[in-house]
Ligand code: PLP
């Protein structure tokens, strides 16, 4: 397999017309849990589907090639992917994680620390001094989530990879928010990329899945072996759907981010909005870094509403095209209230430290027409601002 194919070609064409049995153009799904041996001690490559499966292997190869990695492990959720990487640590190891990471990641790392599986420090990764002090503790791994969920903070991957590398730490980047269509952290010095494939990679909100892509073959093999030991590998059906989603990853994300940019600009001018967090805006503190390391600004944004919790409630109850729901990266537009939804697992103090206020709303922008989405937001903002309009005449 050539390593120099354009990622768009890999996404669209991987596995196409490779079926030797019937010449199926679309790669077939292999649901079988077990595979016949050719003879005594003669495996045909796949023995048992927890260990390896042709449909899952195709997804792993596809994703590893798109991310520029040496190998990938496909697991049952994004959380399983993150846990798989950190499962290699020992009780005297230290992890440096962002203070504003996804709430589930925060919960996982705290739970592992509580059980003394390893130690964790959460830092503001845009604070040079805080990062320096954390690295002085010689961590085994540094986790970066860029752009972060939900505040869209951007971390310079190359710079933190250099600094972590000097301390002997491995760098793990959660690339869920952009997908390899817009950012390829392994090419910037990361050792692992983790994904919730639930999001942009599958893209149709019908699979919960995860992946780890490793820069080296040996790291990929260690993680694949452990995924088999603990039994977190993904089902072939989910892998089949995710492969199907990846075929349209690039055009989906391109269209979605164009609309997200227009929405961010629109919200920035709205009198009821006190702040917009979108790396494409010049006002965003991570704009220059995002321009340098991303090939687009993505389709996620968050914003803060004036008028407190009541305005937030009126807004989320008034949108018609945006659906009030967790998750992101699908073809449909979603709105979430991080403080009570995605980040409710973080205690109030941790949310305050991370800057996640009760006024913050997060948008995942889908494939609907830009004008319809902006009209939906404007209507909901008007209703949020003026509760009297909600009352029937
Ligand atoms: N990483 C990020 C950035 C996420 O947003 C999420 C889920 O929202 C996860 C990881 C966890 O993924 P999953 O829900 O597939 O376990």
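Residue numbers (my numbering): 3 to 395. All C-beta atoms, glycine included, are put in the ideal place defined by N, C-alpha and C.
Item	Value
Exposed unless 16 or more other CB atoms sit within 10 angstroms - verdict on residue 393	Caution applies to residue 393, whose pLDDT of 48 falls short of 50 and renders its modelled position unreliable; the value that the coordinates give is listed next. So residue 393 counts as exposed.
Cβ shell of residue 243 (< 8 Å), same chain only, five flanking positions each side left out	204, 206, 208, 209
Span of the alpha helix (DSSP H) around residue 59	56–69
N- and C-terminal bounds of the alpha helix (DSSP H) containing residue 143	Unbroken run through residue 143 is the beta strand (DSSP E), 143–147; no alpha helix (DSSP H).
Of the residues 267, 343, 50, the one placed nearest residue 233, counting alpha carbons only	50
Pair within 8 Å by beta-carbon distance, residue 251 and residue 183	yes
One or two residues paired with residue 182 in a DSSP bridge	None, per the DSSP bridge assignment.
Neighbour-count burial assignment, residue 140, 16 or more Cβ in a 10 Å radius	exposed
Residue 81 in three-state terms, based on DSSP	helix
Among 273, 94, 327, 304, the one whose alpha carbon lies nearest that of residue 266	304
Whether residue 157 touches residue 128 by CB criterion (8 Å)	yes
Nearest-angstrom beta carbon gap, residue 144 and residue 98 [assumed within contact, 8 Å]	5 Å
DSSP-derived helix/strand/coil call for residue 306	strand
Bridge-paired residues (DSSP) for residue 76	213
Distance, residue 299 Cα to residue 293 Cα	8 Å
Residue 93 burial status per 10 Å Cβ neighbour count (16 or more: buried)	exposed
Backbone secondary structure at residue 366 - three-state DSSP	strand
The ligand PLP heavy atom lying under 7 Å from the CB of residue 31	no
Three-state secondary structure (DSSP) of residue 279	strand
Where residue 155 sits in the DSSP three-state scheme	coil
Candidates 315, 350, 187: closest to residue 384 by CA position	315
Any chain C beta carbon closer than 8 Å to residue 346	Any reference to chain C falls outside this structure, which holds one protein chain only.
CA-to-CA distance, residue 21 to residue 10, given in whole angstroms	21 Å
Nearest residue (CA-CA) to residue 134, options 171, 374, 102	171
Under 8 Å between C-beta atoms of residue 196 and residue 83	yes
Beta-carbon gap between residue 306 and residue 277 smaller than 8 Å	yes
Burial state of residue 190, where buried means 16 or more other Cβ atoms lie within 10 Å	buried
Minimum C-alpha distance to residue 27 - residue among 327, 229, 17	17
Residues near residue 323 by beta carbon distance below 7 Å, same chain, minus five either side	335, 370, 374, 375, 378
For residue 222 and residue 87, believed in contact at Cβ under 8 Å, the rounded distance	11 Å between Cβ atoms; not a contact.
From 236, 308, 240, 48, residue whose alpha carbon lies closest to that of residue 1	Residue 1 is absent from the structure shown; the chain starts at 3 and stops at 395.
Check: residue 380 C-beta below 7 Å from any heavy atom of the ligand PLP	no
Integer-rounded CB distance, given that residue 180 should sit under 8 Å from residue 296	6 Å
Strand pairing of residue 99, partner residues [DSSP]	124
Any non-hydrogen atom of the ligand MN within 7 Å of residue 222 CB	Summarising the ligand content, the structure contains the ligand PLP and does not contain the ligand MN.
Close Cβ partners of residue 348 (< 8 Å) along its chain, the five nearest in sequence each way excluded	105, 108, 109, 356, 358
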